[in-house]
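Enquirer:
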Ligand SMILES: Cc1ncc(COP(=O)(O)O)c(C=O)c1O
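Numbering (the working numbering), first residue to last: -4 to 383.
(1) Going by C-alpha distance, which of 186, 258, 368 is nearest residue 306?
(2) Please determine whether the Cβ atom of residue 41 lies at a distance below 8 Å from any heavy atom of ligand 1.
(3) Do residue 320 and residue 351 have their CB atoms nearer than 9 Å?
(4) Mind pulling the beta strand (DSSP E) runs of 3 or more residues that sit fully within the region 217 to 278?
(5) Measuring alpha carbon to alpha carbon, tell me which residue in 217, 298, 59, 111 is nearest residue 316.
(6) Can you tell me the Cβ-Cβ gap for residue 354 and residue 48, rounded? I've got them flagged as a contact below 8 Å.
(7) Restricting to Cα atoms, I'd like to know which of 374, 346, 359 is closest to residue 303.
(8) Can you give me the C-alpha to C-alpha distance between residue 467 and residue 52, rounded to a whole angstrom?
(9) Less than 9 Å between the C-beta atoms of residue 171 and residue 129, yes or no?
(10) Please indicate yes or no: does the CB of residue 179 lie closer than 8 Å to some heavy atom of ligand 1?
(11) Run through DSSP, which three-state label would residue 27 get?
(12) Rounded to the nearest angstrom, what separates residue 73 and residue 344 at their Cα positions?
(13) What number of angstroms, rounded off, separates the C-alpha of residue 71 from the C-alpha of residue 269?
(14) So, residue 276 versus residue 79, is the Cβ gap smaller than 9 Å?
(15) Tell me whether the region 282 to 290 and the region 117 to 135 touch, counting them as touching only if at least three CB pairs, one residue from each stretch, are closer than 8 Å.
(16) Contact check, residue 161 vs residue 207 under 8 Å by CB: the rounded distance?
(17) Identify every run of the beta strand (DSSP E) within the region 166 to 203, keeping only runs that are complete inside it and at least 3 residues long; order them along the chain.
(18) Just verifying my parser: in three-state terms, what is the DSSP assignment at residue 101?
(19) In its own chain, which residues sit with a C-beta less than 7 Å from the C-beta of residue 263, not counting the 5 before and 5 after it?
(20) Comparing C-alpha positions only, which one of 318, 77, 175 sits nearest to residue 216?
(21) Between the C-alpha atoms of residue 63 and residue 86, what's the straight-line distance to the nearest angstrom?
(22) Using the C-alpha atoms, what's the distance from residue 332 back to residue 76?
(23) Out of 126, 125, 127, 132, which one is the CA nearest neighbour of residue 117?
(24) Tell me whether residue 140 sits in a helix, a strand or coil according to DSSP, three-state version.
(25) Under 8 Å from any heavy atom of ligand 1, does the C-beta of residue 128 make it?
(26) What is the C-beta distance between residue 213 and residue 182, in whole angstroms, given that I count them as a contact (C-beta under 8 Å)?
(27) If we ignore side chains and look at the alpha-carbon of each, how far apart do residue 296 and residue 165 end up?
(28) Buried or exposed: where does residue 278 fall if 16 or more other Cβ atoms within 10 Å of its Cβ makes it buried?
(29) With a Cβ-Cβ cutoff of 9 Å, do residue 235 and residue 224 count as a contact?
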C-alpha cells in the first residue's frame, strides 16, 4: 500500500497529538533544522512557509543542477573527480590547496575547529547571541565558552572581546566571530575586525564565520580571507548552504594558514559527495546567479522590514537573508502561534528572547508571514499578550 507523503505526515501528527506536539517539537529543532535526538517532527515542507533556518528559498540555478547531473556517472567510484571544486576555491580566494579544508557543510568545519583548538580544556570566546553551534560543541567536549553580551545596538562588542582575549589569554583556544552575525544580521565593520586581530595575542586563532558573506551590501564590510594570506592565525569558513541553495547537499570549506589546516585535517572526515562537489564548482562560477539571489533577497527583505516598521515594530537592520523583529513578547510563545498558521519562524536566541528571527523567503512566503503577523499582533494591540 502506498501512502502519500502528506497523508503520512498528518498521520504521524495525529499519532503524536498534533496540537500539543507540533509547536514544541519545532522549537526542538537543532541548528541544521533536524529533529533533536529522540524527537519526531511532523513537518510537511511542501505546506509550510519555512522561515526558520535561513535557507535559500529559490534553490540552486540551472547551471548547478546541470553540473550535478553530469556527476552521476561517477557515483560508483572512490576517488571520483571533484568537478573542479578545489581549483575553483583556490583560484577565487588566491590560496593554495594547503590552505583549504572541505567539510560536509561549514558546520563540519566549525566542529573541527572546536575539537582542534579546545581539546585539552581551552575555551572559546565570543558574543551571545551568535550561531550557537560552536558554543554547544564546546560544552559537548567538556570545554567551555566565554560569552560576552552584545552592545545596546546589538553589534558585537569588539573592545570587550579584545579585553577578554588578553585577560584570559592562557585559557582561550580560539575566538569565534560570526560576520555577519546570526541571529542579528549585523556586520562587524572591517576596521573593527582589524582592531580585534591587531590587539589580541598574535598567536590566538580566530574563527571568522562568513556563512552569510554573499548577502552583505555594506561598504563597511570586507571578507577576512586577506588576513589568512598575511599568515595570521585566522580561519574563515564559507558555506554552499545559503547563497548557493545547497543546504541539504552539505558542502562548506575553511580557509586558513597551512599550519592550522594541518592541525585541523585529522579531525575532518575528508568526505563530500561527488554531486555536491560538481555543483559547488559550478556555483562558484555562476556569479550572475549569486547576484540574482542577493538582489532578490534584498528586495524581499527590505519590503518586509519596511512593512513591519510601518506597522509599528522595530527591526534590526540586517545585511543577511534573515532579520530580527522586536515583538515585546516571548518568542517561544509567538513561534507556536506562527507554526499553527504553517509559518515557521526562528527559535529563541537568549538573551534576545523578545526578538523574533525571520528568514527571508520568497515574496509569497513573506506575504504569508505578514498575514500571520497581523493576525497574531492585531493593529493597535502591540501590548496584548500572545499565547499566554
Ligand atoms: C552562521 C552560520 N554558520 C554556519 C552554519 C552551518 O551551515 P552549513 O553547515 O549548512 O554550512 C549556519 C547555518 O545556518 C550558520 O547560520
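Every residue, glycine too, gets a C-beta built ideally from N, C-alpha and C.
Note that the structure is predicted; figures quoted are calculated from it, not measured.
Expert: Taking the geometry as given:
(1) 368
(2) no
(3) yes
(4) 229 to 234, 247 to 250
(5) 298
(6) 6 Å
(7) 374
(8) No information on residue 467 is available, as it lies outside the stretch -4 to 383 that the chain covers here.
(9) yes
(10) no
(11) With a pLDDT of only 43 at residue 27, under the threshold of 50, the placement of this residue in the model should not be trusted; the figure read from the coordinates follows. Looking at residue 27 - three-state DSSP - the assignment turns out to be coil, as it is neither helix nor strand.
(12) 41 Å
(13) 10 Å
(14) yes
(15) no
(16) The pair is not a contact, with the Cβ atoms about 29 Å apart (cut-off 8 Å).
(17) 167 to 173
(18) helix
(19) 96, 98, 103, 107
(20) 175
(21) 21 Å
(22) 48 Å
(23) 132
(24) strand
(25) yes
(26) 6 Å
(27) 43 Å
(28) buried
(29) no
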